[in-house]
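Novice: Chains as they are written, first to last, in my numbering: chain A, 1 to 307; chain B, 308 to 844.
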Amino acid sequence: MIRFVVLRSLRALITMLLAVTLVFMFLRLSGDPAAALAPPDVGQEVIDQYRAKMGLDRPLPVQYANYVASLASGDFGYSIHTGRPALGLFLERLPNTLVLGGAALAIALVVGIPIGVVAALNRDSPIDRGVMAFSVFAFAMPNFFFGLVVILIGALVFGIFFGGAAGPASLGTVLAPALTLGLASMGAFARFARSSMLETLNKPFMIAAEARGVPRGRRLLRHAGPNAAIPLVTLIGLSLGALIAGSVVTEQVFAWPGVGQLLVRSVATRDIAVVQFLVLAVALTMTLTNLLVDLLYLAIDPRIRAR
Amino acid sequence: MSTAPSVLKIDGLTVALPEGGDRRYAVEAVSLSIHAGEMLCLVGESGSGKSVTAQAVIGMLPPSLRVVGGTLRLEGTTLPPQRHRAFERLRGPRIAMVFQDAAASLDPVQRVGRQIEEVLEIHGFGGRSARRQRALALIGAVRLPDPERVFKAYPHQLSGGQCQRIVIAIALALDPVLLIADEPTTALDVTTQAEILKLFAELQAARGAAALFITHDMGVVAEIADRVAVMRVGRIVETGTRDEVLNRPQHPYTRQLLAAARATGDRRPRQTSQPILEADGVTRIYRERSGLFASREVHAVKNVSLRLRRRQTLGVVGESGSGKSTLARCLLRLEPIDGGRVLFEGQDMTHRSERELRALRQRIQVVLQDPFSALDPRQRVGDAVAEGLIIHGASRSAALSRAREFLAMVGLSEQAAERFPHEFSGGQRQRICIARALVLEPEVLIADEPVSSLDVSIQAQLIELFTELQRRIGFAMLFITHDLRLAAAICDEIMVMRGGEVVEHGPPADVLGNPQQAYTQQLVAAAPGGLGIRDAA
């Protein structure tokens, strides 16, 4: 079990190192940042000045070493437009994104899993078919479109404008974007919860439990639930990636002042240090959540603990 | 005993199958009764209705099956209707059930001790500490060592036999009056099977419970039954005491089942002929990863030598994990060989390339255990049989007509060639696999547990088919099985394997009649109902 934790942590560390290296490589591959930054009509000597200032005139290995060293010392670079540290910009926006992502995940879990379980328990009934039709709709609906529809309905039917959440996030303002962001995961969770539950319900140990006189409620809660949850945990871990990717779009649609919006703006304005830092932050989030999922397995599946 | 009231009394139970099935009733007019302390064995093959009968008794018939007649009484009281909630109070304290696959009938993410406690808890037994004491006592009663440790174990940390002991402990937890066991030892090795049978019978007798024991194996019946009921296509065809049924069977079907179980080793030794397939010190090592960089070597097959002569049948007997199938794959060169040589007609095949082996492949064919996964579900049976011929150069039409011929030879109809595998039963599919192997007219046939997944009477038919075809076509056969009776019935020579090594080798009468090695003696002794070899020796 200790070996499992150590191995998984090592793997996470290696993943992060790869991410750091890839970010470095791609930013060098996508053209000369100095030339991109400089005004279009300046001479070569100005560009060279930029290059020297940014350290781009040195050999690549040296640049790489400096880059890794500065990352390790907590120096993540500065925005070239505002001159503020990338970390500060990120931290300023992070709470908004966490609120949005957290709410989206919560909605997806709280709605998706129960309706999937209900569908499994009523297999082949109209309820089952209804849930499955809904989950296909939810999964297939692109969030930029659904978001616009939500804004439209909110404005025309209820007279509420969702599209410009300025100021601090609140329950009222987060609901519409969170629903938009969480919808696809909700559909995925519902389908997966249903199939995982169906599979578990037919396992011999469920029949054996019934033959021991274990009442239905207890069979579902104590035996089917924990067993069906094991594959679901993987899916939840993976869907965090979809949530992060989706948040970039959703924040844009709802003008939500989060990290996704910052990323889009930084890319548009070629604010390289900020883009670089945000990509790393996303990679770190993904790596850590997947590590967390692996560790969660330990808690719920004794067969993995044995390894 | 006859004055004691019946614990279970079934009167004229009839259960209807859904419309359009291959017969109207799953169970038809079944009547039987079991007294306290009595063990009734319900014998029959799969599909005979014995499991449906058990499901009806415990109130768990699937909704698609309807009880259309008859009554079920437990200690004189009529049982509730199927799937009624009132059954929840009976299951556990009054009726308990033991299933075939013990490991699968335990919740994989709960400690086994908790699962014993759960039955006690839901039926209101004592307080927390009383339940724990009871659970530990039960683990001791099913003779598992170190109950404290077993209590904390998860099912995957226990062996199949140990899991079955836990399941028996759960069944006994509330001292039920009726125990139902549905093929509880079928999934186990012979040695473990013997121990579990003994344990089950002892505990049942000591607690005075009535037992309904379902099995397809007359050997098991001989071992533990007080009375026997033989079922066939939904009806009970014969009932009687164990001695009556075993020694004076009335119904032809009972005799057939008995004959299958009593196959003897009276094979005339055949004339020695040239060896066709030889193994010389064959070794196969698996490397298991046991750390980031370290690995551990496991000898799956260790220094095995054998000589298979033309027209001869050599039996390889051993429990699962003894290396028999790996040996077969080595002989087929489907698996790399880490030591020793494989010779075909005296020529070394050990290091031949895949190209060079292609011609040889036609001459050594194989039949595998599971006829369900051995056939491509989307390929017509005729094409499956003809494929080998086409690969080895026959025209499509010639190959197909030859395939039909061989399908007929294994006892299938002309139309079989046009159909798909799912339209056939397990026994018929195995016939298709045999036709597919033999159509190439191989000189060696390797049969890896070819009948173990089939019912006893089907087994007997297939064994007859193997013998008959061998006489007609004249191939040599390497017959791999875990079943000593079977090996004794058809083999000229038997090799017993354990842990990858050959522990005993000789004619069946010697190996089984007078085993030299402790392990073989154990296997012979463990085979349920004795080996029948006693009659021959």
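Ideal Cβ positions, reconstructed from N, Cα and C, are used throughout, including at glycine.
Under 6 Å Cβ to Cβ from H658 (chain B), same chain only, skipping five residues before and after it: list those, please.
Specialist: none
Novice: Fully enclosed by the region 409-484 of chain B, which alpha helix (DSSP H) runs are 4 residues long or longer?
Specialist: 419-429, 435-448, 454-459 and 467-479
Novice: With a threshold of 7 Å on Cβ separation, who are the neighbours of G420 (chain B) within its own chain once the five nearest residues in sequence on each side are excluded?
Specialist: Hits under 7 Å: A442, F458 and K459.
Novice: Tell me the rounded alpha-carbon separation between P95 (chain A) and N143 (chain A).
Specialist: 21 Å
Novice: If you draw a straight line from the alpha carbon of S340 (chain B) to that of A299 (chain A), how long is it in whole angstroms?
Specialist: 48 Å
Novice: Measuring alpha carbon to alpha carbon, tell me which residue in B:Q672, B:V809, B:V426 and B:A336 is nearest G399 (chain B).
Specialist: B:V426
Novice: Pull out every residue of the region 180-203 of chain A whose Cβ sits closer than 8 Å to any Cβ of chain B, in chain order.
Specialist: Going along the region 180-203 of chain A in chain order, one finds K203 with a Cβ nearer than 8 Å to chain B.
Novice: Which residues in chain B sit within 9 Å of D301 (chain A), going by Cβ to Cβ distance?
Specialist: P415 and V416
Novice: Cβ closer than 8 Å: which chain A residues qualify as neighbours of A393 (chain B)?
Specialist: Per Cβ cutoff of 8 Å: no residues; A393 (chain B) is ~11 Å from chain A at best.
Novice: At the 8 Å Cβ level, is G217 (chain A) part of the contact set with chain B, yes or no?
Specialist: Proximity of G217 (chain A) to chain B, defined by a Cβ-Cβ separation below 8 Å, is not satisfied.
Novice: Pop quiz: V474 (chain B) and P302 (chain A) are said to be a contact at Cβ under 8 Å. What is the actual Cβ separation, rounded to whole angstroms?
Specialist: Not really, about 18 Å apart at Cβ, beyond 8 Å.
Novice: So L682 (chain B) packs on R736 (chain B), CB below 8 Å; how close in whole Å?
Specialist: 6 Å
Novice: Write down the C-beta distance between A635 (chain B) and L315 (chain B) rounded to the nearest angstrom, noting that I regard them as a contact closer than 8 Å.
Specialist: That pair is no contact at about 46 Å.
Novice: Within this structure, are the beta carbons of V527 (chain B) and L504 (chain B) separated by less than 8 Å?
Specialist: yes
Novice: To the nearest angstrom, how far is the alpha carbon of F713 (chain B) from that of A742 (chain B)?
Specialist: Approximately 6 Å, taken between the alpha carbons.
Novice: Classify R577 (chain B): buried if its beta carbon has 16 or more other beta carbons within 10 angstroms, exposed otherwise.
Specialist: For R577 (chain B), the pLDDT reaches just 47, beneath the cut-off of 50, and the residue's location in the model is therefore unreliable, leaving the point undetermined.
Novice: With 7 Å as the C-beta to C-beta threshold (strictly closer), list the residues of the region 219-248 of chain A near chain B in chain order.
Specialist: Close to chain B, meaning a Cβ-Cβ distance shorter than 7 Å, are the following residues of the region 219-248 of chain A: H223, P226 and N227.
Novice: What separation, rounded to the nearest whole angstrom, lies between the Cα atoms of Q654 (chain B) and Q824 (chain B)?
Specialist: Roughly 33 Å between the two C-alpha positions.
Novice: Starting from the beta carbon of A211 (chain A), find every residue of chain E whose beta carbon is closer than 7 Å, and list them in chain order.
Specialist: Judged by its chain identifiers, the structure shown contains no chain E, and its protein chains are A and B.
Novice: Please decide whether S412 (chain B) counts as near chain A, where near means a Cβ-Cβ distance under 8 Å.
Specialist: yes
Novice: Would you kindly work out how many angstroms separate the C-alpha atoms of G351 (chain B) and D762 (chain B), rounded to a whole number?
Specialist: 9 Å
Novice: Using beta carbons (cut-off 8 Å, strictly below), is E661 (chain B) in contact with chain A?
Specialist: no
Novice: Tell whether a beta-carbon distance below 8 Å holds between E395 (chain B) and P204 (chain A).
Specialist: no
Novice: Can you say whether D550 (chain B) is buried or exposed, counting buried as having 16 or more other CB atoms within 10 angstroms of its CB?
Specialist: exposed
Novice: Check each candidate in A:P39, A:S195 and A:L280 and name the one with the smallest Cα separation from V68 (chain A).
Specialist: A:L280
Novice: Can you grab the Cα-Cα spacing for the pair V537 (chain B) / A488 (chain B), in whole Å?
Specialist: Straight-line measurement puts the Cα of A488 (chain B) at about 16 Å from the Cα of V537 (chain B).
Novice: Tell me, please, whether the CB atom of D453 (chain B) is closer than 8 Å to any CB atom in chain A?
Specialist: No - not a single Cβ of chain A is within 8 Å of the one on D453 (chain B).
Novice: For a minimum of 3 consecutive residues, which ranges assigned as the beta strand (DSSP E) are wholly contained in the region 788-841 of chain B?
Specialist: 800-805 and 808-813
Novice: From the beta carbon of G583 (chain B), is the nearest beta carbon of chain A less than 8 Å away?
Specialist: Note on residue identity: the sequence assigns Ile, not Gly, to residue 583 (chain B). Chain A contact via Cβ: absent.
Novice: Does F254 (chain A) come within less than 8 Å of chain B when only Cβ atoms are used?
Specialist: Cβ-Cβ to chain B under 8 Å: no for F254 (chain A).
Novice: Closer than 7 Å between beta carbons: that is the criterion. Which residues of the region 126-145 of chain A meet it against chain B?
Specialist: Of all residues in the region 126-145 of chain A, none places a beta-carbon less than 7 Å from a beta-carbon of chain B.
Novice: Taking C-beta pairs closer than 8 Å, name the residues in chain A that V426 (chain B) reaches, listed in chain order.
Specialist: R212, G213 and V214
Novice: Say whether chain B places a C-beta atom closer than 8 Å to the C-beta of F24 (chain A).
Specialist: no
Novice: By the three-class DSSP mapping on this structure, what secondary structure does A19 (chain A) have?
Specialist: helix
Novice: Just how far apart, CA to CA, sit D573 (chain B) and A701 (chain B)?
Specialist: Note on D573 (chain B): pLDDT 40, under 50, position unreliable in the model; the coordinate value appears next. Each residue's Cα considered, the two are about 41 Å apart.
Novice: Need the endpoints of the alpha helix (DSSP H) that Q63 (chain A) sits in, please.
Specialist: Bounds of the alpha helix (DSSP H) holding Q63 (chain A) are L60 to A72.
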